[in-house]
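K.L.:
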Amino acid sequence: MSGDAFFSCKQMGSTRSILSRARPEGFTAPGLGQRSSPGSEPFPGVTSTLPKWQVERAQCLHGIFFRIKAQVQRGARLHKLARRRAAYHNARPFKSAPDRRLALTPGTLLRLYRAWLRAGEIPSALYLRYGMRRSSIPAPVLCRLVDFSAQCRWPDMQTAWRAFQKRHGSFGRGRRSRMRRLPISYGQLCYFFSGRQFQALQTRLLAITEAQTELNRLRLQIQATIRRRLPDRPSRPRKGLNFQI
Numbered sequence: 000m001s002g003d004a005f006f007s008c009k010q011m012g013s014t015r016s017i018l019s020r021a022r023p024e025g026f027t028a029p030g031l032g033q034r035s036s037p038g039s040e041p042f043p044g045v046t047s048t049l050p051k052w053q054v055e056r057a058q059c060l061h062g063i064f065f066r067i068k069a070q071v072q073r074g075a076r077l078h079k080l081a082r083r084r085a086a087y088h089n090a091r092p093f094k095s096a097p098d099r100r101l102a103l104t105p106g107t108l109l110r111l112y113r114a115w116l117r118a119g120e121i122p123s124a125l126y127l128r129y130g131m132r133r134s135s136i137p138a139p140v141l142c143r144l145v146d147f148s149a150q151c152r153w154p155d156m157q158t159a160w161r162a163f164q165k166r167h168g169s170f171g172r173g174r175r176s177r178m179r180r181l182p183i184s185y186g187q188l189c190y191f192f193s194g195r196q197f198q199a200l201q202t203r204l205l206a207i208t209e210a211q212t213e214l215n216r217l218r219l220q221i222q223a224t225i226r227r228r229l230p231d232r233p234s235r236p237r238k239g240l241n242f243q244i
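Counting from 0, one number per residue, gives the positions in the sequence shown under numbering that gives the first Met the number 0.
(1) Check whether the Cβ atoms of P97 and A57 sit closer than 9 Å, and answer yes or no.
(2) Short of 7 Å in beta carbon distance, which residues of its chain neighbour S95, apart from the five on each side in sequence? Order them along the chain.
(3) Quick check on P122: does DSSP put it in helix, strand or coil?
(4) What span of residues does the alpha helix (DSSP H) with P51 cover, start to end?
(5) Just curious, the alpha helix (DSSP H) that I136 is in, first and last residue?
(6) Does DSSP classify P105 as helix, strand or coil?
(7) Roughly how many whole angstroms lie between the Cα atoms of R73 and L103?
(8) If you compare alpha carbons, which of R195, Q157, R66 and Q220 is closest to S250?
(9) Report the three-state DSSP secondary structure of R128 (helix, strand or coil).
(10) From H61 to L125, what distance separates their C-alpha atoms?
(11) Please report the distance separating the alpha-carbon of L219 from that of S148.
(12) Report the option in Y87, R161 and L101 whose CA atom is closest to the CA atom of F93.
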């Protein structure tokens, strides 16, 4: 083996050792839909309580950010890498939940990348943290809207919501409920009473209406048959004639 070849092999081995030390223990940069080794999960008890697609999302972003960091250290431009990675991974379905897709834009990728760096380059920094949404919709108002939607047919949910708003007593409680209407938007309404639930009510109502129409048709048909066979008033029996003087 020549000296140049020996030097290149030695340099390659040192580069591999540096990269192996830069990665966390047990980490294998997973792509979307791939699973990492158990050693890459810093908090196994936490990940067991999360949905699988959220853990898969965090592991996928963790691998993307490791590759971005390595390329930035070699002199690549961060914003260019963010645009390229976001275009490549955006709208890809998760393996654990095919009905869900990864939503990734360059701005979102940069924001998550900086948060990942601040947290110490761990996957748990990329978990979704949902909080309870503070609502201004009282439960009785929404229950009255559900009853209102189940009483008659509407072309869409927004039309039913506008008609419901015009009713007295649709907002709030108390003596001055007509003057102090609650600031409820259509978006807040859809968060608690979805369009799918509204369509389910309307579908069942349509089925009930069609069944009631068929029931009325059958009832009238049977009544017409009975009226053709029987008179409206029963005939009175005639008294026998007495010819005695």
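Even glycine gets a Cβ: it sits at the ideal position worked out from N, Cα and C.
Predicted, not measured: the structure shown is a model, and the values here were computed from it.
P.N.:
On the basis of the data shown:
(1) no
(2) K51, W52 and E55
(3) Three-state result, P122: helix.
(4) Contrary to the premise, residue 51 reads as Lys rather than Pro in this sequence. Taken as a continuous stretch (DSSP letters only), the alpha helix (DSSP H) holding K51 covers K51 to Q72.
(5) Note, I136: premise wrong, no alpha helix (DSSP H); not H, not E.
(6) helix
(7) Rounded to whole angstroms, R73 to L103 spans 24 Å at the Cα level.
(8) With the chain covering only 0 through 244, there is no way to say anything about residue 250.
(9) coil
(10) 8 Å
(11) 30 Å
(12) L101
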